[in-house]
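K.L.:
When you line the sequence shown up against full-length UniProt numbering, it's residues 1 to 292, in that order.
Glycine included, C-beta positions come from ideal geometry on N, C-alpha and C.
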Amino acid sequence: MSTGQGHKLSSEQREHFLEHGWLKVSKAVPPENIRRFTEDVWVRLGYDPDDQTTWTQEKIHMPRHREVITKDFMPKAWDAMCEILGGEDRIDTTLFESCGDSLIVNLGSEGWDDIEIHPKDLGNWHIDGDWFTHFLDSGEQGLTVIVLFNDIEPRAGGTYISPDGINNVIKWLYDHPEGSSSIPRDADGSQSACSIQTCKEFVELTGEAGDVILLHPFMSLVEQKILRTLGVDSLTDWKIASERRRFTPRSRGAKDAMIIAEVERLKVHALKTGKPVDSMHINGPVPYQIVV
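1) Would you mind stating whether I170 and T236 have Cβ atoms separated by less than 7 Å?
2) Kindly list the residues whose CB is nearer than 7 Å to the CB of S102, restricted to its own chain and excluding five residues on each side of it in sequence; keep chain order.
3) When the Cα atoms are used, what is the spatial distance from H176 to F37?
4) Report the rounded CA-to-CA distance for D233 versus L18, giving the unit in angstroms.
5) Give the range of the beta strand (DSSP E) segment to which T144 is assigned.
6) Could you give the distance in angstroms between the alpha-carbon of G274 and the alpha-carbon of A241?
7) Looking at the secondary structure, which residues open and close the beta strand (DSSP E) in which L9 lies?
8) Please report the straight-line C-alpha distance between V286 and K200, rounded to a whole angstrom.
9) Considering only C-alpha positions, which residue in the set E83, D113 and F73 is nearest to C99?
10) Check whether the region 205–212 touches the region 128–147, counting contact only when three or more Cβ pairs, one atom from each stretch, lie closer than 8 Å.
11) Going by CA-CA distance only, name the one from G189, R246 and P276 that's closest to F132.
12) Using a 10 Å radius around the Cβ and a threshold of 16 neighbouring Cβ atoms, would you call S182 buried or exposed?
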């Protein structure tokens with residue numbers, strides 16, 4: 001069983017993942033890879049980094065233009081991922097072969113400077129994955145990987161997680177073997193499976209550029225997290241009760257429009273600088289491929 005080559009998790013790191021469902025791998029992405037994926041971010045956005053009046057959106061989910069094989073892009077994090085998941089041979093490379101520059105940019109605004117919000121009241125608490133039917137044993141949700149492309153300090157737009165909320169999701173999926181491709185939402189936009197109002201533990205994810213955060217309770221160490229939460233040694237009697245499905249992400253339509261706009265900005269920039277346009281979409285948006 002291949003488990004990666006270099007970086008090994010300490011016993012404390014392994015236990016932290018089992019107990020809390022997340023782990024930060026420091027300096028996991030080489031600086032040159034960070035630079036490659038961020039050097040033209042302001043061109044793609046069409047914003048002036050020195051003029052906040054041009055920042056017309058607080059949060060932007062940018063599309064992907066470039067890809068690098070994951071084990072080459074972040075070898076230290078890849079080793080940790082392989083160890084958590086029980087070996088490299090357990091990773092489906094048809095789904096998780098590469099990392100891309102689909103950045104999530106959180107610019108914020110001055111209006112939030114003096115406002116304190118309890119994490120419970122942030123709204124939109126969710127588990128990732130808008131492209132498949134969620135089951136307790138879904139391989140699509142083996143890990144969620146967050147790469148920090150710049151330093152993120154407290155109150156600087158970092159992601160919040162709720163470690164004890166993982167237990168709620170596990171129990172919800174256990175009780176719904178029929179699965180769900182659209183988990184019901186509460187009035188604040190949060191997915192009901194999270195039961196966020198019952199949670200007591202909240203963590204704001206901060207760190208330095210190149211840090212990678214691995215989180216989620218779905219699939220050797222990951223399966224142990226599910227079993228520990230349910231208080232059992234195995235799930236021999238639990239079976240899914242409907243068909244596994246994968247589909248085009250619900251956000252894809254908006255991404256296509258963003259791709260076209262970003263490529264045009266990159267082309268204008270290329271004419272000014274003489275640099276090539278580094279995008280897989282140079283001749284139009286590449287169609288989304290559903291892997292079945």
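P.N.:
For this structure:
1) no
2) M62, P63 and R64
3) 39 Å
4) 15 Å
5) T144 to V147
6) 56 Å
7) First-last for L9: undefined, no H or E at that position.
8) 43 Å
9) F73
10) yes
11) R246
12) exposed
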